[in-house]
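Engineer:
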Amino acid sequence: MRKSDLINQISENTGIPKVDVLVTLENMFKEVKESLANGQNIYIRGFGSFITKKRAAKIGRNIKKNIAVEIPEHFIPAFKPAKEFVNEVKSRRK
Numbered sequence: 053m054r055k056s057d058l059i060n061q062i063s064e065n066t067g068i069p070k071v072d073v074l075v076t077l078e079n080m081f082k083e084v085k086e087s088l089a090n091g092q093n094i095y096i097r098g099f100g101s102f103i104t105k106k107r108a109a110k111i112g113r114n115i116k117k118n119i120a121v122e123i124p125e126h127f128i129p130a131f132k133p134a135k136e137f138v139n140e141v142k143s144r145r146k
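Under my numbering, residues 53 to 146 are what the sequence shown spells out, in order.
Next comes the structure, spelled out in structure tokens:
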């Protein structure tokens, strides 16, 4: 499912115009990005958590030049689904 499919599905289920659904989703994505960039995690009960994970510094390798490269410590975004979400997906996929 793509973003356009999601927008169409939400619009059909709720009766809200597609443009309004699109604007709402875009604002949600923007807020999630900004919150994570500012170091704030987002917790949505029954759905999951958008969090940042810390990656330790490590030594990588540039395979074209065959030299070691130091990769500094950094943060990456991650999503951790809630137990209810995981259980629902498991039960429907059987």
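Using N, Cα and C, we set each Cβ at its ideal position, and we do this for glycine too.
Small disclaimer: the values here were computed from a predicted structure and weren't measured.
Which parts of the region 76 to 121 are runs of the beta strand (DSSP E), unbroken and 3 residues or longer, counting only runs that do not cross its ends?
Structural biologist: 94 to 96, 100 to 107 and 110 to 114
Engineer: Taking the alpha carbon of PRO124 as the reference point, which residue from GLY112, ASP57 and PRO133 has its own alpha carbon closest?
Structural biologist: Here residue 124 refers to the residue found at position 72 of the sequence shown. Ranking the options by Cα distance to PRO124, first place goes to GLY112.
Engineer: For the alpha helix (DSSP H) containing LYS55, list its first residue and its last residue.
Structural biologist: Within the sequence shown, residue 55 is the residue found at index 3, counting from 1. It spans 55 to 66 - the alpha helix (DSSP H) in which LYS55 sits, taken as one unbroken run.
Engineer: What's the gap between the Cα of PHE137 and the Cα of LYS146?
Structural biologist: As a first step, residue 137 must be located in the sequence shown, where it is residue number 85. As a first step, residue 146 must be located in the sequence shown, where it is residue number 94. So the two alpha carbons sit approximately 15 Å from each other.
Engineer: So, helix, strand or coil for LYS146, using DSSP?
Structural biologist: Position 94 of the sequence shown, counted from the first residue, corresponds to residue 146. Reduced to three states, the DSSP call for LYS146 is coil.
Engineer: Using the DSSP secondary-structure output, state which residues sit across from PRO133 in a beta bridge.
Structural biologist: The residue labelled residue 133 in the question sits at position 81 within the sequence shown. Answer is GLY100, bridged to PRO133.
Engineer: Cα separation between GLU122 and ASN114?
Structural biologist: Within the sequence shown, residue 122 is the residue found at index 70, counting from 1. Within the sequence shown, residue 114 is the residue found at index 62, counting from 1. GLU122 and ASN114 have their C-alpha atoms spaced approximately 10 Å apart.
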